[in-house]
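These notes concern the structure reproduced below.
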């Protein structure tokens, strides 16, 4: 399960990075705006949530102890996704910037967690 957690982290980071770049590009290039973009962003965020749950399972089912900062960055991804979702109504005019930069932020938190991990 630990090996899957480590390998799946790359998938999660890459998908979040690509989704964030797509939404950020859609802020300036209207022809790349498509409903599937929002499905990809949602999938990227769900993948990150699944990754955190897998990490919690690894932590609780093995004797491994992850570094504290690894845990911090992992849970910050969940908090960040929640903040993005909660601000979507208030920043309606800048939704593409919010989700583009926010999803890239989540990707960065994931990368940071990876390099501080086990």
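Residue numbers (the numbering used here): 130 to 247.
Backbone N, C-alpha and C fix where the C-beta goes; we use that ideal spot for every residue, glycine too.
> Got a sec? Which residues, its chain only, sit under 6 Å from residue 183 by beta carbon, not counting five neighbours each side?
Replying inline: 134
> Going straight from the alpha carbon of residue 137 to that of residue 178, what length do you get?
Replying inline: 12 Å
> When burial is assigned at 16 or more other CB atoms within 10 Å of the CB, is residue 223 buried or exposed?
Replying inline: exposed
>> So the candidates are 163, 188, 162, 175; which of them puts its Cα closest to the Cα of residue 246?
In response: 188
>> How far does the alpha helix (DSSP H) with residue 132 in it extend, from its first residue to its last?
In response: 131-157
>> What does the alpha-carbon distance come out to for the pair residue 140 and residue 219?
In response: 31 Å
> In the structure shown, what three-state DSSP assignment does residue 241 receive?
Replying inline: helix
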